[in-house]
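Here the structure is laid out as structure tokens; the discussion comes afterwards.
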């Protein structure tokens, strides 16, 4: 299954075969407005997606596109350390935003 934000017959079939519920975006029909329930669903999904994608973009910018290690164990450790570093940077940023007591 491809990493796609939008529905396709193949993706929907794979999700249904796995016994899961689809959380992919709805596409706007050509020449017609999108239904309001679909707009609300897309808006909710976009909020979650944007929170996650910003983390990936930050790690990609700092680590580059590739993880150049030999072995799954080393790659896992490198990703874990990158996650830890991101969380520390985020904590420092959030702590700096709090109002003084």
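Numbering (the numbering used here), first residue to last: 916 to 1016.
Here a beta-carbon is modelled for each residue, glycine too, at the ideal position from N, C-alpha and C.
Query, Result
"Span separating the alpha-carbon of residue 931 from that of residue 952", "21 Å"
"Extent of the continuous alpha helix (DSSP H) to which residue 1003 belongs", "987 to 1012"
"Inter-residue Cα distance where the pair is residue 1010 and residue 923", "42 Å"
"Proximity below 7 Å, CB of residue 984 to CB of residue 975", "no"
"Presumed contact (8 Å Cβ cut-off) between residue 963 and residue 1001, rounded CB distance", "Their Cβ separation, rounded to whole angstroms, is 18 Å, which puts residue 963 and residue 1001 out of contact at 8 Å."
"Beta-bridge partners of residue 940, as assigned by DSSP", "921"
"Rounded straight-line distance, which links the Cα of residue 950 to that of residue 925", "23 Å"
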